[in-house]
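Asks:
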Amino acid sequence: MIGLRLDPDLEQRVRRIAREHGRSASDVVREAIRRFLDQTGDDLERERELRLIAASVDDGEMDELEAFAAELQGDEEAAAGRHRAA
């Protein structure tokens, strides 16, 4: 079991969401942590895959690959460079 303290504003938000959805505050916190961990794990897995791809690509293709990775990660400014280069 993990005990934690929330600042008053965050605790109030958790309790409000729990009340609105008919769930306990613990359920809301567990779900928030689960989603965070799932998303973080997905992000780490994507980073690992991109590193493996980058390791197998020669330097001439790296700019395009980095721009594509930025596009996948939602970096619109870097992705715009990819579309200009293409």
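Residue numbers (UniProt numbering): 1 to 86. From the three backbone atoms N, C-alpha and C, an ideal C-beta is built for every residue, glycine too. It should be emphasised that the depicted structure is a prediction, and the values quoted were computed from it without experimental measurement.
#1: Using the C-alpha atoms, what's the distance from residue 39 back to residue 14?
#2: Can you tell me whether DSSP reads residue 34 as helix, strand or coil?
#3: Return helix, strand or coil for residue 13, following the three-state DSSP convention.
#4: Could you round the C-beta distance between residue 69 and residue 50 to whole angstroms and report it? I think they count as a contact, below 8 angstroms.
#5: Taking the alpha carbon of residue 12 as the reference point, which residue from 24, 2, 1 has its own alpha carbon closest?
Replies: Inspection of the coordinates gives the following:
#1: 20 angstroms
#2: helix
#3: helix
#4: 5 angstroms
#5: 24
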